[in-house]
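Student: Once you've had a glance at the structure underneath, I'll fire off some questions.
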Amino acid sequence: MKTKDRLKLATELFLFFFKIGFFTFGGGWSIIAEMEKEFVEKKKIFSSEELLDIWSIAKSLPGIAIINVCLIFGYQLGGILCGIAAVFGIVLPSAIILSLVTMFYSLIKDNGYVERAMTGVRAAVVPIILSAALSLSKKAFSDWFTYAVAFLAFFLCAFTDVSNVAVILIGALTGLLMMEVKTRAVA
């Protein structure tokens, strides 16, 4: 990719993530939903499986998952410059908003309008997150085994004190073991 094209792509990624960083509430899943609309459905640059793979890798790495997603995503599209542009695009709106909220916190902390607006935002975010999860789950669940792993992971997260890192590692090891069993069965 030429330097000029890479700069153009980095600028486009920065602007895309900057925009959704300002207007996407609800954390990683709602951002993933926007990424899916833009880069899977509209531009067809990535498949749902590839986006799900990026999300899975990003969640299993240390740090803030959505920043990891942006870095991996941008890097896949155009190298390190695009990865950094995507990260700055997603981080900058939060920094601006948090700075403003911090400056004016004493004015808004007991404001009924702000409280009610945030209640509405929280209620609207849940369907967005569920929609993204359902959309991506269509590609994540391919057979009975993936459903069993998902059920086990849900059980461990919801009803035990097993850490999320351990759940991810258990899922990865279980997948590797199943691949080994299938490979030996075919051979």
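Numbering (the working numbering), first residue to last: 2 to 188.
We put the beta carbon where it would ideally sit given N, CA and C, even for glycine.
#1: Report the CB separation of residue 73 from residue 55 in whole angstroms; it is logged as a contact under 8 Å.
#2: Measuring alpha carbon to alpha carbon, tell me which of 162, 158, 161 and 142 ends up nearest residue 176.
#3: Taking 8 Å as the cut-off, does the region 109-126 touch the region 40-49 (at least 3 CB pairs, one atom from each stretch)?
#4: Check the C-beta distance from residue 15 over to residue 80 and give it rounded, since I have them as a contact under 8 Å.
#5: Can you find the residues in the same chain that come closer than 6 Å, C-beta to C-beta, to residue 60, ignoring five residues on each side of it along the sequence?
#6: How should residue 31 be labelled, buried or exposed, when 16 other C-beta atoms within 10 angstroms of its C-beta is the threshold for buried?
#7: Spatial neighbours of residue 134 within its chain, please: C-beta separation below 8 Å, excluding the five flanking residues on both sides.
#8: Would you check if the distance between the CB atom of residue 11 and the CB atom of residue 82 is smaller than 8 Å?
#9: Taking Cβ to Cβ, would you say residue 22 is nearer than 8 Å to residue 94?
#10: Go through the region 93-124 residue by residue and report every complete run of the alpha helix (DSSP H) that reaches 4 residues or more, in order.
#11: Whose CA, out of 152, 171 and 144, lies closest to the CA of residue 183?
#12: Please determine, among 156, 75 and 158, the residue with the shortest C-alpha to C-alpha distance to residue 8.
#13: How long is the line joining the alpha carbons of residue 62 and residue 104, rounded to whole angstroms?
#14: To the nearest angstrom, how far is it from the Cα of residue 149 to the Cα of residue 160?
#15: Helix or strand or just coil, what does DSSP make of residue 66?
#16: State the Cα-Cα distance for the pair residue 52 and residue 37, rounded to the nearest angstrom.
Tutor: Here's the rundown:
#1: Here residue 73 refers to the residue found at position 72 when the sequence shown is read from its first residue. Here residue 55 refers to the residue found at position 54 when the sequence shown is read from its first residue. Rounded, the Cβ-Cβ distance is 5 Å, consistent with contact.
#2: Within the sequence shown, residue 176 is the residue found at index 175, counting from 1. It is 142 whose Cα lies nearest to the Cα of residue 176.
#3: no
#4: Residue 15 sits at position 14 when you count from the first residue of the sequence shown. Residue 80 sits at position 79 when you count from the first residue of the sequence shown. So it is not a contact: roughly 14 Å between Cβ atoms.
#5: Translated into positions along the sequence shown, residue 60 becomes position 59. Within the same chain, residue 60 has close Cβ partners 66.
#6: Here residue 31 is taken as the residue at index 30 of the sequence shown, counted from 1. Buried, since its Cβ has 16 or more Cβ neighbours within 10 Å.
#7: As a working mapping, residue 134 is identified with position 133 in the sequence shown. The answer, listed in chain order, is 30.
#8: In the sequence shown, the residue the question calls residue 11 occupies position 10. In the sequence shown, the residue the question calls residue 82 occupies position 81. When the beta-carbon positions are compared, residue 11 and residue 82 come within less than 8 Å of each other.
#9: Position 21 of the sequence shown, counting from 1, holds the residue named residue 22. Position 93 of the sequence shown, counting from 1, holds the residue named residue 94. Judged by their CB atoms, residue 22 and residue 94 are nearer to each other than the 8 Å cut-off.
#10: Segments of the alpha helix (DSSP H) lying fully in the region 93-124: 106-109.
#11: Counting from one through the sequence shown, the residue named residue 183 turns up at place 182. Selected option, being the one with the closest Cα: 144.
#12: Position 7 of the sequence shown, counted from the start, is the residue given in the question as residue 8. The candidate whose alpha carbon is nearest that of residue 8 is 75.
#13: Locating residue 62 in the sequence shown gives position 61, where the first residue counts as 1. Locating residue 104 in the sequence shown gives position 103, where the first residue counts as 1. Straight-line Cα distance between these residues: approximately 33 Å.
#14: Taking the first residue of the sequence shown as 1, we reach residue 149 at position 148. Taking the first residue of the sequence shown as 1, we reach residue 160 at position 159. Roughly 16 Å between the two C-alpha positions.
#15: Position 65 of the sequence shown holds residue 66. In this structure, residue 66 counts as helix in the three-state DSSP scheme.
#16: For the purposes of this step, residue 52 is identified with residue 51 of the sequence shown, where counting begins at 1. For the purposes of this step, residue 37 is identified with residue 36 of the sequence shown, where counting begins at 1. Between residue 52 and residue 37, the C-alpha separation is close to 7 Å.
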